[in-house]
Each structure stands twice: as C-alpha cells, then as structure tokens.
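Below you'll find the structure, written out as structure tokens, and then a few comments.
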Amino acid sequence: MPIRSILVKIDGSGSSHIAAELALEWAVRFRARIKGISVFDEERYLIPYAEEPPGLYEQRLKELEAAKTAAEAALEQLSSQCAERGILCEVCQETGRFREAVLKEIQRHDVVLLGRHLHASTIDDPSGRITRLLRDSCRPVVLVPEALPREENTLLAYNGSPSSARVLATLVASGLLDTGRTIVAGVDETVEQAQARIAPALDYLAIHEIPAEGLAISSRAPVHDELVEQVAKRDVGLLAAGAFGRSRT
C-alpha cells in the first residue's frame, strides 16, 4: 500500500524543520496525512539532583519551558503549512519517554520521520534511543539529513537478512521506487559473493516490474564507508537499509 499517513517528530530544532519539509513533500506526493508530535521527558528536569548548585533546577525549568514554546510554534507552523497545501494534519504535545511515545503512536501510521539531530530537551541519550527505536519499530523509520536531497534515486543496501528483506518489501509497497533509479548494492569479499547476496532482491523487483540495477562491491572496508561513497557518486536521494543484519552488507 502507498504511504497514507506520516508521523513526524517536531521539537523546534533545525533538524525537525527539515523533517517537516520532507513530510510535506511526501504528503503531497502520496496524498497522505501528517501527524506532528513533540515529546518531552520532563522527569529529568523536574526531579532535583542531590547537592546540585543553587539555581540549577530553576535553570532547567526555564530550558524546558523554552523548548516547549519552540516546539509549540513549530507544530503551529506545520499545521499552517498543511492547511496551505490542503493536507490533513494533526499535531500534539506529549510528556514522557521519547521511544515509548513514538513506538505507541507509530502503530497508527505508515512511516515516521525524525530529524538527524534531536533537541536535547526532548530526549536523553539520543543516539542510543534512536538505535533502539530503529530496532523495535513496527514501521519504517527515516532519519532525515540536514539538507534534503533533490535527487529521487534510491540505493538499497541488501544483504539477504530479514531486516533488509522487510525494507525491500516496504519500499515496493510504499511507491517510493516509482520515480528515479533504483540501485541494489551488496558488499562482500568478492564480486561473485556480493552478486549472490543481491540476486533475490533484483528478482523481487523484477516481479513487481520495477527497473533496478545491481551494484556488487568487492571490499574489506567497513560497509558503511562503501555505501556513503556510492551515495555520493550516484546522486542518491534515499539510502535504505535494515536496522540490524549481518556484519557485511
């Protein structure tokens, strides 16, 4: 099924503004609705620490209120932008743990968009919790870069793992592969091994009548480095991969 509902994390940061831009683009493209959500973990602000310097607690409260105000303004801006484009939109602010709130809400949507750098007031230990969110989410999670790429080409990093197979099926069903080039990349010690890894994905795309090209890479370098290099070389706008899989892609 094409994308019909998009959840986007809004916190007033520059990264969340970029995520909102992508949500608006996809909503127009797929005739989808948007829900903007901000989540604040107030517990670490409201519980005083032992032997903390005078005034630090009050300072944390001011930071929390400023962050909430910025998020509220960003949510209002998103609502206004949706209204201008005729997009159905809902916004909300929640209090609690970031990961738990998003995992609960994402069940109502097709995809969640997150800014690359989350505001410090909305989440503690962002990198670790985003990693767990990627692992536990029942829907695709898109980490939006600091600048939206203009290209519509997609590179799928495929290694035959269940997670990469799910990503492949999601891309096909979503309609994201309907425009631009689709490249299926595999990295292994030999080209032959890499070709064997990506062959099932190419066959799956052919069944769905989606033109795709295979990219078999022979390398002992870290897979991440190889993929980043290929993204730069091939004007890729979307890099897709399973959150967890084998050590080699």
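My numbering applies: residue 88 is where the sequence shown begins, and numbers increase by one. The beta carbon of each residue, even a glycine, is placed where N, CA and C say it ideally should be. This structure is a prediction, so every number in the text was calculated from the model and none was measured.
On the CB-based measure, 16 or more other CB atoms within 10 Å of its CB, does residue i come out buried or exposed?
i, result
"Gly196", "The displayed chain sequence assigns His, not Gly, to residue 196. Result: buried."
"Ala299", "buried"
"Glu130", "exposed"
"Thr269", "buried"
"Ala327", "buried"
"Ile105", "buried"
"Val115", "exposed"
"Val323", "buried"
"Ile124", "buried"
"Lys122", "buried"
"Leu338", "What is shown of the chain runs 88 to 336, which leaves residue 338 out entirely."
"Ala119", "buried"
"Val315", "exposed"
With DSSP run on the structure shown, which of helix, strand or coil describes residue i?
i, result
"Cys169", "helix"
"Gly351", "With the chain covering only 88 through 336, there is no way to say anything about residue 351."
"Ala244", "strand"
"Gly101", "helix"
"Arg91", "coil"
"Glu300", "strand"
"Gly324", "strand"
"Glu129", "coil"
Skipping 5 residues on each side, what residues in its chain have a beta carbon closer than 7 angstroms to that of residue i?
i, result
"Thr156", "none"
"Glu279", "none"
"Val318", "Leu242 and Leu326"
"Met88", "Ala260"
I'd like to confirm the pairing. Which residues does DSSP put opposite residue i in its beta bridges?
i, result
"Asp275", "Ser305"
"Leu235", "None; Leu235 has no bridge partner."
"Gln164", "Note: Gln164 sits in no beta bridge, so no partner."
"Ile124", "Lys96 and Cys179"
"Gly142", "Gly142 pairs with nothing; no bridge assigned."
"Val198", "Ile93"
Relative to the ligand COA, is the shortest distance from any of its heavy atoms to the C-beta of residue i smaller than 7 angstroms?
i, result
"Pro309", "Here there are no bound small molecules, and the ligand COA is not part of this structure."
In chain order, what residues of the same chain have a beta carbon less than 6 angstroms from the beta carbon of residue i, not counting five sequence neighbours either side?
i, result
"Ala161", "Ile97 and Gly99"
Worksheet item: Which runs of the alpha helix (DSSP H) fall wholly inside the stretch 245–270 and span at least 4 residues, in chain order?
Response: List check, alpha helix (DSSP H) in window: 249–261.
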